[in-house]
Each structure stands twice: as C-alpha cells, then as structure tokens.
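In my numbering, the protein residues as written are 9 to 106.
Just so you know, even glycine gets a beta-carbon here, dropped at the ideal spot from N, CA and C.
As the structure is a computational prediction, the values presented were derived from the model and not from experiment.
Structure, rendered in structure tokens:
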C-alpha cells in the first residue's frame, strides 16, 4: 500500500535566516536535519520535508517585504496529524501587527 502524501506550498514573508531562527519553536522540540535550504523531520507520524525556495521580495509601493516560497511534504502522516503539525507551524511563524 502506498503511503499518503500531502504537499503544501506557502509564500511566506521571511528570509531564510528568519526561517531557521524560528524553526525550533515551530517543530516543538522534534529532531530535524538541515541540508542547505532543506529540512527533514522524521518521527512516529512519518517524514516531513520542508524546502525553501529562493529569497525574494514583494514590493508594494515603497514597501519591500521579504518573500520565500516554502514547500512542505508530509509523507506517511494521517490527514489529522499533518493538519495538526501544519497548524502549529503556522502559529509559530505568525507575526502580528498593531
């Protein structure tokens, strides 16, 4: 039986440096391996791979915001487990303004 695979692409307003600085909080203490611009998380749920695209910017009038496309692949995760991991990941990277 083939393992279920969920692929998520996000455009995130951050640099690679920002991403790697905030990553440990997003993974809640899970062990991970970094290889270049790729992260691999292996656990009881399955394998989770995160690939960072090239850094860029999104320019809005005079405002320039960092931009990186992040691709996440959850393999062997149940739908419930991948959604839970993704929800925590999103919360860890959420930045509010005010």
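Inter-residue Cα distance where the pair is residue 99 and residue 23 = Going from the Cα of residue 99 to the Cα of residue 23 covers about 17 Å.
Can you tell me whether residue 64 is buried or exposed, with buried defined as 16 or more other CB within 10 angstroms of its CB?
-> Exposed, by the Cβ-count rule.
Out of 12, 27, 88 and 13, which has the shortest C-alpha to C-alpha gap to residue 77?
-> Scanning 12, 27, 88 and 13 for the CA closest to the CA of residue 77 turns up 27.
Can you have a look at residue 21 and say buried or exposed, based on whether 16 or more other CB atoms are within 10 angstroms of its CB?
-> Looking at its Cβ environment, which holds fewer than 16 other Cβ atoms inside 10 Å, residue 21 is exposed.
Taking all protein chains shown into account, decide if residue 60 is buried (16 or more other Cβ within 10 angstroms of its Cβ) or exposed.
-> Residue 60 should be labelled buried.
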